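Written out below as structure tokens is the structure these notes cover.
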């Protein structure tokens, strides 16, 4: 098999087989491909458009090349709330706050993430601002999941091969398949996920790729942000435990929330994002609380703790109002690297 031949196929807008796609990603991950070849591959793939089968094969190659952890979790229902990012809306770190709330409700969370690339504040940035150490060794992250029910998996610590493509991605300046692959390469091999994406078409492809990869339950969501939105309707592709995928649309009003202006939940930097998160965890009412409840409710539904998003919202409300959510944050600050 020849990498240049694979690039030629993509230029001709021919889909790759799973074997070809996995080979190509391995070739890039092992730094055999030159920067020019990697750029050509990513550009041609972007112009053709990725298939679900290609995305799944790329993810398998990334998983082979990452540092893995295997936390021993009683129920086995590890979840992640890592999204693709790139919505350009500048909201506070909703999925990160939602993950903390879900953990306070009993969900076991392996939160995969990184520093900001194009946004103002990534999950790593805001957690660091909140006082949680992010760049911990894999074995410590594994133990933290087991003992505290939450750990942040800092992508550079688990995906060393990604350093080979970082300069090319930066120079290209457009969204590539790697933006999609991040949530599909969780080092803890989670089987339950809420993934926010930047458009509806991509959501369907990711849901189908997750099915191929053996994910048990996932909600792939797209709206005016890469979260379940409080300011617009949200399209959801739900991958169920029986392997079926269904599409539906939800609105904030379905859960008793009024639609709000997205400007009210923007954060210009990591300090502001952290302030909003602390306000939410301390029980402050408002738009930020509502959007966290929606997304934490979805995470709890996917985890199996809640029977529906609505049930999950009720549990999330109880965790915040009882002080358990803030207690979880404080525990992670103090014990997160013991």
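In the numbering used here, the protein residues as written are 125 to 462.
Yeah, the Cβ is synthetic: ideal placement off N, Cα and C, and Gly gets one too.
Since we're looking at a predicted model, the values are computed, not measured.
Beta-ladder partner(s) of residue i, from DSSP
i, result
"residue 362", "343 and 370"
"residue 232", "202"
"residue 277", "236"
"residue 320", "345"
"residue 215", "390"
Rounded distance between the beta-carbons of residue j and residue i, thought under 8 Å
i, j, result
"residue 335", "residue 203", "Not a contact, Cβ separation roughly 17 Å."
"residue 207", "residue 350", "5 Å"
"residue 342", "residue 426", "7 Å"
"residue 395", "residue 253", "6 Å"
"residue 464", "residue 248", "The requested residue 464 does not occur in the structure, where the chain is confined to residues 125 to 462."
"residue 310", "residue 236", "5 Å"
"residue 290", "residue 308", "With a Cβ gap of about 18 Å, residue 290 and residue 308 do not count as contacting."
"residue 454", "residue 222", "Contact flag wrong, Cβ pair sits at about 18 Å."
"residue 183", "residue 134", "Actually they are not in contact, since the Cβ atoms of residue 183 and residue 134 sit about 18 Å apart, beyond 8 Å."
"residue 458", "residue 217", "With a Cβ gap of about 21 Å, residue 458 and residue 217 do not count as contacting."
"residue 238", "residue 284", "Actually they are not in contact, since the Cβ atoms of residue 238 and residue 284 sit about 13 Å apart, beyond 8 Å."
"residue 149", "residue 288", "With a Cβ gap of about 11 Å, residue 149 and residue 288 do not count as contacting."
"residue 440", "residue 421", "5 Å"
Neighbourhood of residue i by C-beta distance below 6 Å, restricted to the same chain and skipping five residues each side
i, result
"residue 266", "193 and 195"
"residue 144", "130"
"residue 384", "354, 355 and 411"
"residue 197", "232"
"residue 139", "175"
"residue 413", "404"
"residue 125", "147"
First through last residue of the alpha helix (DSSP H) which encompasses residue i
i, result
"residue 193", "Element bounds for residue 193: n/a, residue is neither H nor E."
"residue 159", "159-172"
"residue 134", "127-135"
"residue 305", "301-305"
"residue 142", "142-153"
Proximal residues to residue i (C-beta, below 7 Å), its chain only, five neighbours per side dropped
i, result
"residue 375", "357"
"residue 432", "425"
"residue 227", "233, 273, 274 and 452"
"residue 187", "309"
"residue 201", "232, 316, 427 and 428"
"residue 450", "405 and 406"
"residue 388", "411"
Residues near residue i by beta carbon distance below 8 Å, same chain, minus five either side
i, result
"residue 156", "127"
"residue 321", "207, 208, 304, 327, 330, 344, 345, 346 and 350"
* Can you list, in chain order, the stretches of the beta strand (DSSP E) that have 3 or more residues and sit fully within the region 251-299? -> 274-278
* Curious, which full-length alpha helix (DSSP H) runs of at least 4 residues does the region 379-455 contain? -> 394-405, 411-427 and 433-445
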